[in-house]
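Single-structure report; data block below.
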Amino acid sequence: MTRSKFLAAALLGLTPAMMSASALAQSPEGPVSYEEQLAQVEDQLVYQGPIAGVENDYWFNYQTDLAEARKELTKDLRGSSDAEDNRDAWEEYRAELADARGDYAKEMAEKGYPVGQVRVLAANGR
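In structure tokens:
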């Protein structure tokens, strides 16, 4: 594992054993940038269904925000001329996903819908 992949994993709280093979592998086009790796992690955090099973305007706005972020990423990557442009596109995409997720969760919480948390305890209960 390269130093940058190790640092990315450490920042994300992952051990090498927890990382998927695709996260450790290089893409066919070359090494995956740190920004792309972070965007892939953020993409895994996208809500797969509406909070509390409620499909309302907030859910549909969230879906629209995700679609716009993906469309913008595709446009930015097509128009990129170098590695820095690619990194900027992935960082912008990651930020847009995180903002959309945070805004959606906040709006639902303000309306009184529970935004769940999952806590994993070690075998010894700590």
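Note that our numbering has the sequence shown beginning at 16, numbered continuously upward.
We put the CB at the ideal spot given by N, CA and C, even for glycine.
Note that the structure is a prediction, hence the values are computed from the model and not measured.
(1) Applying the criterion that 16 or more other CB atoms from any shown protein chain within 10 Å of the CB defines a buried residue, is residue 52 buried or exposed?
(2) Buried or exposed for residue 48, going by 16 or more other Cβ atoms inside 10 Å?
(3) Report the residue from 57, 60 and 69 whose alpha carbon sits nearest the alpha carbon of residue 124.
(4) With three or more C-beta pairs closer than 8 Å as the rule, is the region 81-89 touching the region 99-112?
(5) With DSSP collapsed to three states, give me the class of residue 98.
(6) Please give me, in chain order, every unbroken run of the alpha helix (DSSP H) with length at least 4 that falls completely inside the region 47-87.
On the basis of the supplied data:
(1) Within the sequence shown, numbered from 1, the residue matching residue 52 stands at position 37. Answer is buried; the Cβ neighbour count reaches 16.
(2) The residue given as residue 48 occupies position 33 in the sequence shown. The residue in question, residue 48, is buried, as its Cβ has 16 or more Cβ neighbours within 10 Å.
(3) Along the sequence shown, one-based indexing puts residue 124 at 109. Closest option to residue 124, judged by alpha-carbon separation, among 57, 60 and 69: 69.
(4) The region 99-112 is in contact with the region 81-89.
(5) Position 83 of the sequence shown, counted from the start, is the residue given in the question as residue 98. Secondary structure at residue 98: helix, using DSSP grouped into helix, strand and coil.
(6) Under the rule that a run must span 4 or more residues, the alpha helix (DSSP H) segments found entirely inside the region 47-87 read 49-59.
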